[in-house]
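Chains as they are written, first to last, in UniProt numbering: chain B, 1 to 266; chain C, 1 to 286.
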């Protein structure tokens with residue numbers, strides 16, 4: 001292992017500062033006792049964290065985001081896992097097209113997806129409904145689940161499945177008892193990545209929410225574009241801490257680098 | 001297996017395929033049709049079929065400015081991401097394992113934090129009374145604040161922060177496939193570090209730079225939250241213009257036209273870029 005010189009170390013420190021600076025100021029600002037955004041804060045106060053409790057709008061939005069993330073990641077997994085099994089095994093005509101189609105939400109600009117969903121849902125009179133939101137999110141996050149499940153499917157040893165079949169297990173039993181447990185890390189990793197993507201999604205969601213289904217990013221976004229008070233910083237700080245907690249959990253269970261780099265799945 | 005037929009993969013994919021056909025292809029087709037409809041302030045949307053929206057957008061300098069600004073911002077973001085991402089990915093591959101996992105957390109962690117939150121951080125940093133201007137004034141380097149909010153430069157800076165992890169991931173993946181022995185060989189033959197970087201590392205990292213650039217460019221060209229918060233109404237890009245047409249002006253057909261033009265130009269650039277890369281680096285992707 002070769003080591004980096006002084007220049008490389010200095011560069012890395014500068015780069016880390018650049019990456020962390022916006023997060024550090026958001027967290028710093030949230031502790032201000034004043035009524036405006038100031039950094040560094042003139043004192044330490046939990047005033048703006050208490051203020052979250054007085055703003056049920058934000059708590060309600062966070063709750064909707066949480067439900068939406070869990071529901072859409074679960075629904076999307078149910079659709080994506082069989083598709084990944086089909087694509088991940090063997091070649092069949094149309095396989096590449098199918099894979100490209102399921103990954104296409106990554107290629108279409110999100111603002112285009114947003115208005116397309118808005119157009120479709122308002123045509124069905126389903127705009128702003130939770131089910132509508134959930135299905136749209138399921139489409140957007142499908143590529144993330146598909147890629148991670150594909151990675152674990154392609155690395156799978158099929159002899160165990162064949163053994164199970166030769167012992168008379170049905171297709172469903174083989175899937176439930178052999179295949180699914182074997183690809184579970186990929187499914188969980190994909191689910192978590194999909195959940196986080198759904199939880200943070202703004203550009204599509206901003207078009208298809210109603211006042212009763214407004215998610216946390218949309219509520220934060222409209223708050224920031226209208227006024228800026230330290231409340232948005234304290235809510236953001238809670239969101240950052242929530243994500244960091246989730247990251248540590250995922251790192252313990254699955255490995256964060258595996259989740260984000262995806263073992264050559266890209 | 002009991003169902004070892006040719007149709008098996010299609011049966012397994014059918015539910016997802018149906019979901020995508022109904023909820024992705026149909027909405028996109030409806031948006032395409034919508035872009036040919038007409039709109040009047042009193043009559044609303046009329047189901048006509050004309051090219052008037054396309055003529056309106058393509059003959060108006062205002063829209064050229066918005067499209068030009070959008071792609072200029074995306075290009076600048078891509079170039080800066082490549083310039084920062086390449087050395088950082090290289091240093092990452094040479095780091096002590098402990099520091100490498102710390103640094104990976106710093107690089108990848110922000111990917112999981114909402115873009116709205118990260119952009120709020122940049123708004124606090126870049127404002128006229130923001131952290132950067134305050135610090136520069138305290139140091140006596142400036143007397144009046146530098147305007148960074150509501151400028152294209154501010155948007156590029158924040159977009160680099162959002163996009164650079166994708167670039168580093170792509171370059172790092174390319175560097176991991178290389179053989180470290182080539183560097184040692186060059187060193188033993190007396191090459192200086194800069195020469196090794198330029199002649200050995202850079203060519204091997206090239207596929208990563210190119211695929212990373214494609215991701216960063218297309219994501220930057222369609223970014224919404226960052227230009228909306230840091231650019232406001234003064235520095236409009238395509239996605240914020242579409243948002244305004246849909247949710248403020250309510251001229252859905254015109255908004256759909258602008259969105260379709262964005263989709264087409266992004267796809268055209270991606271396909272062209274792929275062609276170019278495949279021709280130029282055919283051997284590398286074998």
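Where is the CB? At the ideal position from N, CA and C, for every residue including glycine.
On a predicted model such as this, the values are computed, not experimentally measured, just so you know.
Got a sec: is the Cβ-Cβ distance from residue 231 of chain B to anything in chain C below 8 Å?
Within the first chain, residue 231 of chain B is the residue found at index 231, counting from 1. No - not a single Cβ of chain C is within 8 Å of the one on residue 231 of chain B.
Could you give the DSSP three-state label for residue 142 of chain C: helix, strand or coil?
By one-based count along the second chain, residue 142 of chain C stands at place 142. Residue 142 of chain C falls in the coil class under three-state DSSP.
Find out if the Cβ-Cβ distance for the pair residue 247 of chain C, residue 224 of chain B is shorter than 8 Å.
Translated into the one-based positions of the second chain, residue 247 of chain C becomes position 247. Translated into the one-based positions of the first chain, residue 224 of chain B becomes position 224. At a Cβ-Cβ threshold of 8 Å, residue 247 of chain C and residue 224 of chain B do not count as neighbours.
Can you pull the chain B neighbours of residue 95 of chain C, defined as C-beta to C-beta under 7 Å?
As a working mapping, residue 95 of chain C is identified with position 95 in the second chain. 4, listed in chain order.
Whole angstroms is fine: what's the gap from residue 203 of chain B's alpha carbon to residue 189 of chain C's?
Position 203 of the first chain, counting from 1, holds the residue named residue 203 of chain B. Position 189 of the second chain, counting from 1, holds the residue named residue 189 of chain C. Residue 203 of chain B and residue 189 of chain C have their C-alpha atoms some 53 Å from each other.
With a cut-off of 8 Å, do at least 3 Cβ pairs link the region 247-260 of chain B to the region 95-106 of chain B?
Contact fails between the region 247-260 of chain B and the region 95-106 of chain B, because fewer than three Cβ pairs, one in each stretch, are under 8 Å apart.
9 Å Cβ cut-off: residues of chain C touching residue 82 of chain B
By one-based count along the first chain, residue 82 of chain B stands at place 82. Within chain C, the residues near residue 82 of chain B are 11, 12, 13, 14, 15 and 16.
Three-pair Cβ contact test at 8 Å for the region 259-267 of chain C versus the region 191-211 of chain C:
Touching, no, given that fewer than three Cβ pairs across the two stretches are closer than 8 Å.
Considering residue 185 of chain C, what are the terminal residues of the alpha helix (DSSP H) in which it resides?
What you label residue 185 of chain C is simply residue 185 of the second chain in a count that begins at 1. First-last of the alpha helix (DSSP H) with residue 185 of chain C: 180-188.
Unbroken alpha helix (DSSP H) run spanning residue 213 of chain C, endpoints:
Position 213 of the second chain, counted from the first residue, corresponds to residue 213 of chain C. Its alpha helix (DSSP H) spans residues 202-221.
DSSP three-state label for residue 41 of chain C, please.
On the second chain, residue 41 of chain C is found 41 positions in, with the first residue counted as 1. Residue 41 of chain C: coil per DSSP, three-state reduction.
Buried/exposed call for residue 63 of chain B, threshold 16 Cβ in 10 Å
One-based indexing of the first chain puts residue 63 of chain B at position 63. The residue in question, residue 63 of chain B, is exposed, as its Cβ has fewer than 16 Cβ neighbours within 10 Å.
Who are the Cβ neighbours of residue 195 of chain B in its own chain at under 6 Å, not counting the five residues just before and after it?
One-based indexing of the first chain puts residue 195 of chain B at position 195. 69 and 73.
What would DSSP say about residue 138 of chain B, mapped onto helix, strand or coil?
Counting from one through the first chain, the residue named residue 138 of chain B turns up at place 138. Of the three classes helix, strand and coil, the one that applies to residue 138 of chain B here is helix, per DSSP.
At what residue ranges does the region 159-199 of chain B contain a whole run of the beta strand (DSSP E), taking only runs of 3 or more?
Runs found: none.
So who's on the other strand from residue 259 of chain C, going by DSSP bridges?
Within the second chain, numbered from 1, the residue matching residue 259 of chain C stands at position 259. Looking at the DSSP output, residue 259 of chain C shares a beta bridge with no other residue.
Collapsed DSSP secondary structure at residue 46 of chain C in the structure displayed:
The residue you call residue 46 of chain C lines up with position 46 of the second chain. In the three-state DSSP reduction, residue 46 of chain C falls in the strand class (E or B).
What are the boundary residues of the alpha helix (DSSP H) that residue 223 of chain B is part of?
Residue 223 of chain B sits at position 223 when you count from the first residue of the first chain. Residues 216-226.
In chain C, which residues lie with their C-beta within 8 Å of the C-beta of residue 196 of chain B?
Here residue 196 of chain B corresponds to residue number 196 of the first chain, with the count starting at 1. Per Cβ cutoff of 8 Å: 112.
Could you tell me if the beta carbon of residue 193 of chain B falls within a distance shorter than 7 Å of some heavy atom in the ligand ATP?
The ligand ATP is not part of the structure shown, which contains no ligands of any sort.
Check whether the region 230-241 of chain B touches the region 152-172 of chain B, counting contact only when three or more Cβ pairs, one atom from each stretch, lie closer than 8 Å.
These segments do not touch.
6 Å Cβ shell around residue 205 of chain B - same chain, five flanking residues per side excluded
What you label residue 205 of chain B is simply residue 205 of the first chain in a count that begins at 1. The residues are 215 and 218.
With a Cβ-Cβ cutoff of 8 Å, do residue 117 of chain C and residue 26 of chain B count as a contact?
On the second chain, position 117 is the one that residue 117 of chain C refers to. On the first chain, position 26 is the one that residue 26 of chain B refers to. Going by C-beta atoms, residue 117 of chain C is nearer than 8 Å to residue 26 of chain B.
Using the C-alpha atoms, what's the distance from residue 209 of chain B back to residue 100 of chain C?
The residue you call residue 100 of chain C lines up with position 100 of the second chain. The residue you call residue 209 of chain B lines up with position 209 of the first chain. Residue 100 of chain C and residue 209 of chain B have their alpha carbons spaced roughly 41 Å apart.
Would you identify the three-state DSSP class for residue 150 of chain C, choosing helix, strand or coil?
Taking the first residue of the second chain as position 1, residue 150 of chain C is located at position 150. Looking at residue 150 of chain C - three-state DSSP - the assignment turns out to be coil, as it is neither helix nor strand.
Report back the beta-carbon spacing between residue 153 of chain B and residue 88 of chain B to the nearest angstrom; my notes put them in contact at under 8 Å.
Within the first chain, numbered from 1, the residue matching residue 153 of chain B stands at position 153. Within the first chain, numbered from 1, the residue matching residue 88 of chain B stands at position 88. That belief holds up - the Cβ atoms of residue 153 of chain B and residue 88 of chain B are roughly 3 Å apart, short of 8 Å.
Using the rule of at least 16 other Cβ atoms within 10 Å of the residue's Cβ for burial, across every protein chain shown, is residue 286 of chain C buried or exposed?
The residue labelled residue 286 of chain C in the question sits at position 286 within the second chain. In this prediction, residue 286 of chain C has a pLDDT of 45, which is less than 50 and means its spatial position is unreliable; what the coordinates show is noted afterwards. Residue 286 of chain C is exposed by the Cβ-count criterion.
Can you list the residues of chain C that residue 25 of chain B reaches, using a CB-CB cut of under 8 Å?
Position 25 of the first chain, counted from the start, is the residue given in the question as residue 25 of chain B. Those within 8 Å of residue 25 of chain B in chain C are 121, 124, 125 and 131.
Is the beta carbon of residue 158 of chain B closer than 8 Å to that of residue 34 of chain C?
For the purposes of this step, residue 34 of chain C is taken as the residue at position 34 of the second chain. For the purposes of this step, residue 158 of chain B is taken as the residue at position 158 of the first chain. No; because the gap between Cβ atoms is not below 8 Å, this pair is not in contact.
Return the chain-ordered list of same chain residues with a C-beta closer than 8 Å to the C-beta of residue 268 of chain B, the five sequence neighbours on each side being excluded.
Since the first and last residues shown for chain B are 1 and 266, residue 268 of chain B lies out of range.
Would DSSP call residue 336 of chain B helix, strand or coil?
In the structure as shown, chain B begins at 1 and stops at 266. Residue 336 of chain B is therefore absent and cannot be evaluated.
Indicate whether residue 84 of chain C and residue 164 of chain C have their beta-carbon atoms separated by less than 8 Å.
Along the second chain, read from residue 1 onward, the residue named residue 84 of chain C stands at position 84. Along the second chain, read from residue 1 onward, the residue named residue 164 of chain C stands at position 164. Yes, Cβ-Cβ distance for residue 84 of chain C and residue 164 of chain C is below 8 Å.
Quick one: does residue 280 of chain C have its CB under 8 Å from some CB of chain B?
In the second chain, residue 280 of chain C corresponds to position 280, counting from 1. Not an interface residue.
Return the CA-CA distance between residue 152 of chain C and residue 117 of chain B, expressed in angstroms with no decimal places.
Start at 1 with the first residue of the second chain, and residue 152 of chain C comes out as number 152. Start at 1 with the first residue of the first chain, and residue 117 of chain B comes out as number 117. The alpha-carbon atoms of residue 152 of chain C and residue 117 of chain B are separated by roughly 29 Å.
Alpha carbon to alpha carbon, how far is residue 71 of chain B from residue 95 of chain B? Give it in angstroms, no decimals.
Translated into the one-based positions of the first chain, residue 95 of chain B becomes position 95. Translated into the one-based positions of the first chain, residue 71 of chain B becomes position 71. Taking the straight line from one Cα to the other gives about 28 Å.
Residue 7 of chain B classed as buried or exposed, judged by whether at least 16 other C-beta atoms fall within 10 angstroms:
Looking up residue 7 of chain B in the first chain gives position 7. Label assigned to residue 7 of chain B: exposed.
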